[in-house]
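Residue numbering for the sequence shown follows our numbering, starting at 507 and increasing by one per position. Below is one structure, written out as structure tokens, with a few remarks after it.
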Amino acid sequence: MQLGNFSISLAVKDLAASLAFYEKFGFSIFAGDAKQNWLILKNGEHVIGLFQGMFEKNMLTFNPGWDSNANKLENFTDVRDLQKQLMQQGVQLAEQTDEAGSGPAHFMVVDPDGNPLLFDQHV
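Written out as structure tokens, the structure is:
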């Protein structure tokens, strides 16, 4: 099962304060829009998303079809195929995507401890 790029998406209270904090660890802005209250930070291959007011909990995020630099992978498992495989294994979905679609889509599951996992395909 190819999950694509991995990052942690943090639900932050103050985007500027969180950015200043993570910059002390060598993270810098890779993508995003502070005016829209979200930034993606990188330090080498490590990726952190900062999201103010967009969701309640921190999430594990997987981006099928992307490497850690948001470059499209030649071969990857489509998000709809991942969803189908997980459903066949009895994983309950918190949000589902249309299996008949193509291109960008997402779905979400929640682990036994209440941690959300977002599968967010942009290609």
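Note that the Cβ used here is the ideal one computed from N, Cα and C, for glycine as well. Just so we're clear, the structure is a prediction, and the values are computed from it rather than from any experiment.
| Asked | Found |
| --- | --- |
| With C-beta atoms as the reference, is Gly-559 less than 7 Å away from Ile-546? | no |
| What did DSSP end up calling Val-629 once you bin it into helix, strand or coil? | coil |
| What first and last residue would you give for the alpha helix (DSSP H) that runs through Asp-587? | 585 to 594 |
| On the CB-based measure, 16 or more other CB atoms within 10 Å of its CB, does Ala-537 come out buried or exposed? | exposed |
| Let's test the definition: count the other Cβ atoms within 10 Å of the Cβ of Phe-561 and tell me whether it reaches 16, buried, or not, exposed. | exposed |
| One question on the structure: do Pro-622 and Lys-548 come within less than 7 Å of each other, judged by their Cβ atoms? | no |
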